[in-house]
Every structure is written in C-alpha cells, then in structure tokens.
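Here is the structure we will look at, set down as structure tokens.
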Amino acid sequence: MPAESFWSADEKIPISQTKIAIPSTNGLNYQAGQKIQIDIPATAGLDYFQPKESYLKFDVEVSLPAAWVLADGTGGQTRLQLDAETGGQVLIRDIFIHSGGAGNVLLEEIQNYNVLTSLKYDYETNENIIKKRALTEGVTSYDPRCRSTHGGLQGQGNNLNTNPYWKKPTDQHPISASYTNDDQQKVKCLLPLNTGIFANDRVFPIMLTEGLRIEIVLEDANMVFRQLSQANLGHESFTNPVFHSTNGCDTAPDNPAAGLNEFFIAKNQNIGADQNLTNFPFVVGEVLGFWDMNENREIFNGNAERPHITSITWIGVGEAGGGGSDSAYGYVKVALGGGSSGYFVPTDAEGGGSARAITPGKTIVYSYSPKFSGSTGYNPTYEVSNVEMILQKVEMPDGYTRKLMSNMKEGGVLNYDFLSYTNYKYSQPATEYVANIRLPLNNSRAKSLLMIPIDATIRSASNVLGATDTAVTHFQENSVTTLGASRSQRPGLTGVIDSLQNYQMFYDGRLNPSRRVDVSKSSALTGISQQHLIELEKALVMGGITPFSFKKHTSNFCLGRALSLQSGVYDTRGKDFSLQLEYTASVSPNNSASLPKLWNCFCAHIRRIVISGDAIALEV
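Take the sequence shown: its position 249, counting from 1, is numbered 249 in the numbering used here, and each next residue is one higher.
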C-alpha cells in the first residue's frame, strides 16, 4: 500500500486530540528585531498534530518612551496600541520553518509576513471575524460608543472602551493623573500562523520530519505602533474632537485670538456619550495641536513651546461653564499649562508669525505629542514574553504509525502538499513613472500573484505615529475627504496606489491580460474599475484568501493575477515574468509627490514535502 493512502479520509479510524505547549528555546523576553526560536521535538507521543488548530501564544507589552519629559516634569505622552487591524500579527516580520534533526531542511519561508497578513485581514474580513480577532489576537474592533465625531466612520482604531492595550479610566486609574506606563498593560495574543504548513487542514506527521524548528524575526518598533484615531490627525479623519469655545457658551464662544489656557469640547458621538470621560481620547500630559477645517492647515503656536493638558474635567448639566443652548449635553473642559508660556497663542507660524483666531466649531483638536519630541524622537518600544507554540496533538490508533513506517521502509514515499507564498521583492524609485518589474519566478505549481507596493520612505516612529507625510486631509464644512491616495496610513504595512494609472503583465511570450487594466479610478479615489476588481478577486481566491470586503481596495492596494483556476496550477519556471506599470508624474487629486515603493510580490504556490526513508526533500 502506498504511503499516500494514509492521508485518505477514513471514518473508521478513531483519533483523539489534546493541546500541548512548546515554549521558545532561545530566551524568555524578546524585543524588536530579535529572533524567536521554537523547537518542536519529535518525541515519543508527539507523532502528529493538526496545524490549523494550533497557534502561537505570547504576551506583548507596549512601553512609552521613558525619557520623554516636558519642561514642567510631566510626561507628555499619548495612548499607544499595536496596529488595530492586524494586532499581534504586525510583530512578525519574517518566519522560517525548518525540519528537525540533522537535515534541517527549510520547508517554508515567508518574508514580510505581516504585509501578507495585513492584506489577508483587510480583505478576508467582516464584523464577526474582526470581533473574534479582537478576543484573541490583539486586534481592536469597532465600538459604536467610540464612533466618528460626526457619526460616519466606523474605524477599528477608534476603540477606547474595550481596547486591550491600556487600562480603562476608573477611580483606580483616573483620567486626572498624568499618563504613564502604568496605564498601559500586557496583552495576551493567540495567533493562528498564516503560513502554508500551519494553515493546512491535513494532519502533519512530525515524526517523519524529526520535529520542526520555527524561527520568527520580530518587526522594527517604528512600524507597529498606532495612536487612537480620535487623537491622530490623518488616521481615519474627522474622528477627532472639535474645538467648541473658551467658555462653554454657544451664543458667545469667546474667540481666543490672544491665546488660551483652557477650552471646551462639546459632547458628540464619541465624547461624553455616557456623561463622563470614558470615551475622551486625550490624556493629562498630552501635547495638543489645532487644525483649521476652513483653511485646511495647521494653526501654529506663537510661543516657544507648545503647552500640554494639565487637567480634563466633565462639565455636566447645570454646572458652571456648561451654559448655552447645548448645556443639556455637557462639555469637556481641557486646561493647558507647562512649557515656557503655559498657554497657546494661535499664529500663522510656529514660535511667531501673524496672530490669528481659532474658529469655534471649525477647528480639529489632535495629539501633537509624537511631533513634539524634539531631536530625540518619540521612540516607544515593545517586549514579547511567555512565548509558546500550542499544538493540537493528534493521537492515532495502535498500529497506525507502525504500519506507516513499515511502508516507508519498503520504498514508500509520503508527499505532503500545502499552499505557501514566496515573496519576490522589487525597489521602485519615486521618479520611475514607467516601470517594468522583472519577476524571477521559480515555482512549479503556482496559483496566483499578489503584488503589493509598500511605501518605502524611511520614517521614524514619531513620523508614523504623527501621520507625517502619510495622509493628506481636506476638511469641508460638513464633510471630510482624505486626499492623496499615494499615502499610507499604515506605512510599511499596506499597499499604496500612488499615481498608478494602469498595469499589464507579460509572461509566456504574451501580454496578460491582453489589454491594460485601468486603475485610474482608484488612484483618483472615485471608485474601482470592474476589470481590476475581477482580476484581484480571482487572484485572492486562488491565493487562499476569501475576500469578504473590498472596502480597503485603495488604503491597502494590491494588484492580482490568477495563474490558474480552481484546482489547477501553473509552472512559472523559465517564463520571463514582468509587471508593466504606468504612473502619472503627479498624484491626483492633490498633486502630491510620488513615493519610492518596495513591491512585495507574493507568489501563491503549492509546496510539497517529499519523505522517503530517512530523506526529506522539498519541491517548490
């Protein structure tokens, strides 16, 4: 009997399953850039496991910059979380899976694993999936109590109430105190590994590979952190609080042209919903910025150093300062202080310039803390600890393994197939408006190509958190439009369309498809072309990603090409693959400068582990 028959379904074979934990073997705690190693032994009793029911388990703790202190001795911090959409998965940059024993065969390698996972999580998603990930993976979910200021946006990065990365304000953790690391907390992550081996439904015969070695390289710290969307200007725009007045009065708001050391924010859909400060996005010590919605530009501070929040107070019905026609709804009173002046003087230039006013009801309030870090930069860190691989151990009936091994000794061959990804990278300069990207594909059983252009601009954590040059936002009186499709709100993680107009592939001696695929609608943020949508959907499905949503087709841009249909495969070897791109010299609609891009071209393909006797080989 051939060894392959052991993987055929047989309802008569009784099996049992139990969970076992395999700790990491090269340390207890890990920081950005370090490697986690997990050795899964092929010991007696661990002959098989179910990959898809297994997961990586660890704790992660986000730490604020310890040395970042304002002139008056307070912290000047802001709440920090991991990427809201990918959670703990964002920490995994590269992953390698080897066979055990002396052979040490590299069975699977996925570079920029978090980029691929981000694509999967942005497209293979719905409300229920997000809620499940929020319970287990360090993802944050949409909370209607923390919806957009104007009610329209339902973003994942907008969650204060059930956010796992910090303690919810209570009497024990009051909002009145300066924000410190004591307000952050460890998050337990249970991550399914989105690799070919660990996403496979088939039982894995670990005794035949003499165990497995998993190596995980952690991502750089400047890539993984996010502020609350309500606090950050440019991330899910128009979620931010809006300046109401200096006195809490609708009829006479007292325009603060001369400066302000306190002001009011009116209750709206994400602030004060339950007559308290639970949903308020700022903390004591946070440095603030102001953005004029009418003029679409920042309001600068005329003093040498921006002040920060010294107290936050809920002003309820009938209380002093809660007057005006909105008095029934209440306000949040924000007091400013610290620095060289202790108050904010609105001007046309930082540290000076012409005096100007702050327009009540037309001014966005946002966190300036990451931008206000000076020469040292705002550099948070993270630590991963208590790392374990939780395996779903499968116990076969007596005699099963013995029969299999006997069959192998008699010349039988075991083939174990799984869908994996090889990343072919290409660096595209910002000025390369007509590009011909050569793809040296070498996969014998390819399914599809998923090509993701990542913004390759080198940014500090301060710039990423502060949305510096990552989003261009245009505010209007009753709406907001995020311009600059070239920009990524999650730089280094999601694809950017830039000013791409069309694309076409060439392989096997002909153009594919026969006509160029137009993506100009996506570039102009006016929609999505039918052909691009169809090509992308086919590629995602053949690449093992079931797209439930195309909501993020511009914010996480991807070009797709299916190389086979249904159960078919395509041999890419010797086919001279290339991707032809045409960009405009300026980015519509806001004429932003083009971006340097790192193309992550994932070829989804079938890998085969071939086990015969004492030998292990890999076919790709």
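Glycine included, each C-beta is placed from N, C-alpha and C at the ideal position.
- Assignment of D348 by DSSP, reduced to helix, strand and coil, places it in the strand class.
- Contact between N423 and F198 is absent: CB atoms are separated by about 17 Å, not below the 8 Å threshold.
- Buried is the label assigned to Q81, since at least 16 other Cβ atoms lie within 10 Å of its Cβ.
- Just measuring C-alpha positions, the residue of T239, M542, N261 sitting nearest N247 is N261.
- The way I'd put it, the region 81-90 does touch the region 45-65; three or more beta-carbon pairs between them come closer than 8 Å.
- In summary, E350 is exposed, with fewer than 16 beta-carbon neighbours lying within 10 Å of its beta-carbon over all protein chains present.
- Residue range 113-123 is occupied by the alpha helix (DSSP H) that includes K120.
- Between I214 and I97, the beta carbon gap of about 6 Å places them in contact (Cβ cut-off 8 Å).
- The count of Cβ pairs closer than 8 Å, one atom from the region 242-256 and one from the region 205-223, stays below three, leaving the stretches out of contact.
- In this structure, the straight-line span from the alpha carbon of W314 to that of Y433 is close to 53 Å.
- As computed with DSSP, Q580 is found in a beta bridge with N436, Q504.
- T195 sits away from S54, with the two beta carbons spaced by 8 Å or more.
- Around the beta carbon of E137, a 10 Å sphere encloses 16 or more other beta carbons of the protein chains shown; the residue is thus reported as buried.
- Here the region 436-449 makes no contact with the region 489-496; the two share fewer than three CB pairs at distances below 8 Å.
- Distance between Y416 and L193, taken at the CA atoms: about 18 Å.
- Inter-segment contact for the region 113-129 and the region 531-546 is present: three or more beta-carbon pairs are separated by less than 8 Å.
- When DSSP states are grouped into helix, strand and coil, F58 belongs to the strand group.
- Proximity of the region 219-233 to the region 356-369 meets the contact definition, three or more beta-carbon pairs being nearer than 8 Å.
- Taken through DSSP and simplified to helix, strand or coil, T401 comes out as helix.
- Counting the other CB atoms within 10 Å of its CB gives G33 a total below 16, which places it among the exposed residues.
- Assigned with DSSP and collapsed to three states, S499 falls in coil, not helix or strand.
- Ranked by Cα distance from E219, the options D94, A430, G560 are led by D94.
- Distance from the Cα of A456 is smallest, within the candidate group K447, P429, L450, for P429.
- Secondary structure note for L540: its alpha helix (DSSP H) is the uninterrupted segment 530-542.
- The C-beta of P51 has 16 or more other C-beta atoms within 10 Å across all chains shown, which makes the residue buried.
- Y503 is positioned such that its CB atom lies closer than 8 Å to that of Q580.
- Counting other Cβ atoms within 10 Å of its Cβ, S354 stays below 16 and is therefore classed as exposed.
- Around the beta carbon of E619, fewer than 16 other beta carbons sit within 10 angstroms, so the residue counts as exposed.
- Its chain contains S24, I36, F58 as the residues whose beta carbon lies nearer than 6 Å to that of V387, once the 5 sequence neighbours on both sides are disregarded; these appear in chain order.
- Contact annotation: D498 and K597 have beta-carbon atoms nearer than 8 Å.
- Where V464 is concerned, the enclosing alpha helix (DSSP H) starts and stops at 461-465.
- Annotation for A446: the continuous beta strand (DSSP E) segment containing it runs 446-455.
- Within its own chain, the residues whose Cβ lies closer than 6 Å to the Cβ of P256, once the five positions on either side in sequence are excluded, are T246, I358, listed in chain order.
- Residue burial is scored here from C-beta neighbours: P397 has fewer than 16 other C-beta atoms within 10 angstroms and is therefore classed as exposed.
- With a contact defined as Cβ atoms closer than 8 Å, Y179 and G75 qualify at about 6 Å.
- Excluding sequence positions up to five before and after R573, its CB lies within less than 7 Å of the CB of N442, S444, all in the same chain and listed in chain order.
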